[in-house]
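Sequence positions in the sequence shown follow full-length UniProt numbering and run 1 to 206.
Beta carbons are placed, not taken as given, at the ideal position from N, Cα and C, and that holds for glycine.
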Amino acid sequence: MKILIIDNDESLRYMLTEFCNHAGWDSDTAINGREGVEKFHAEDFDVILVDYHMPEMDGLQTVKEMRKHNQQVPILVLTVDERQEIADRFLEEGATDFALKPVKAPDLISRIQLHAQLANMRSAQEESEEVYTAKGISKNTLDIIADHLKNQSDPSSVDVISKDIGLAYPTVYRYLMHLLEEGQVKQVISHQKIGRPKKLYKWYTK
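Here you go:
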């Protein structure tokens, strides 16, 4: 497997390269989005890691440029920004998932493996994928979340679902909102003894 690492932070590029070496993967690096897009066009990569805040071309524009030419390769965004509106913008442009900084090796490696497997599944389902891409929704990711909810007898919070299936919180939240909108998931309000009521989600069974 070959990973493209796009980040303007030299120390982070080195650390991510070491993560890849540890996992037995090849990797290449780019110092900004513009260089990353050029390398993306010149070679084949299995997974892309892209930083959000970069000079010349930020992560959002980088994702947008890459998706003009390739709808399948997994693109993981590296960011300290956990705002849902930022996550939504990235997902709408075609980002696959997020790795929140500071990045931990076990989490990132397992996430890369998950999305590489999903990409292999997705290549066999290109036609059905096209229906969802415009909404920033991947059918395989949607299926993973739906299957998880179907197997849960009790409603779960976004953070619990996120930990159980290995996807970032903003990604899970966006997909849950899509399922809620489609009427396939229902929201349950759990009143806590201390603090605000908690929103839980459960597969809707008629």
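Is it the case that the Cβ atoms of L200 and S156 are separated by a distance below 8 Å? yes
Bridge partner(s) assigned by DSSP for W203: V185
Residue span of the alpha helix (DSSP H) that contains F98, given as start and end: Looking at the DSSP string, F98 is not in any alpha helix (DSSP H); the run it does join, the beta strand (DSSP E), is 97-100.
Count the other CB atoms within 10 Å of the CB of residue 208; is the residue buried (16 or more) or exposed (fewer)? The first residue shown for the chain is 1 and the last is 206, placing residue 208 beyond what the model contains.
Close Cβ partners of H41 (< 8 Å) along its chain, the five nearest in sequence each way excluded: H69
W203 and Q184: beta carbons closer than 8 Å? yes
Beta-carbon separation (whole angstroms), I3 vs D46, contact threshold 8 Å: 7 Å
Is the Cβ-Cβ distance between T79 and L100 less than 8 Å? yes
Would you say the beta carbon of S190 is closer than 7 Å to some non-hydrogen atom of the ligand SAM? Among the components modelled here there is no ligand, and therefore nothing to report on the ligand SAM.
Should T29 be labelled buried (16 or more other beta-carbon atoms within 10 Å of its own) or exposed? buried
Pull the bridge partners of D51 from the DSSP assignment, please. L78
Which residue spans inside the stretch 11-75 form an unbroken beta strand (DSSP E) run of at least 3? 26-30, 47-51
Which residue from E56, T62, A95, K39 puts its Cα closest to that of I137? A95
Look at the alpha carbon of F19 and the alpha carbon of L179, and state the distance between them as a whole number of angstroms. 34 Å
Distance between I86 and R111 (C-alpha atoms, nearest Å): 20 Å
Start-to-end residues for the beta strand (DSSP E) that takes in L142: Per DSSP, L142 belongs to no beta strand (DSSP E); it is in the alpha helix (DSSP H), 139-150.
In three-state terms, what does DSSP make of L167? coil
On a CA-only basis, which of D9, D88, T171, E35 is nearest E65? Give me that one, please. E35
Please go through the same chain and pick out, in chain order, the residues whose beta-carbon is closer than 6 Å to the beta-carbon of D7, but skip the five residues on each side of it. R13, D51
Based on the DSSP output, what are the partners of K2 in its beta bridges? D26
Expressed to the nearest angstrom, what Euclidean distance is found between the alpha-carbon atoms of L149 and D164? 11 Å
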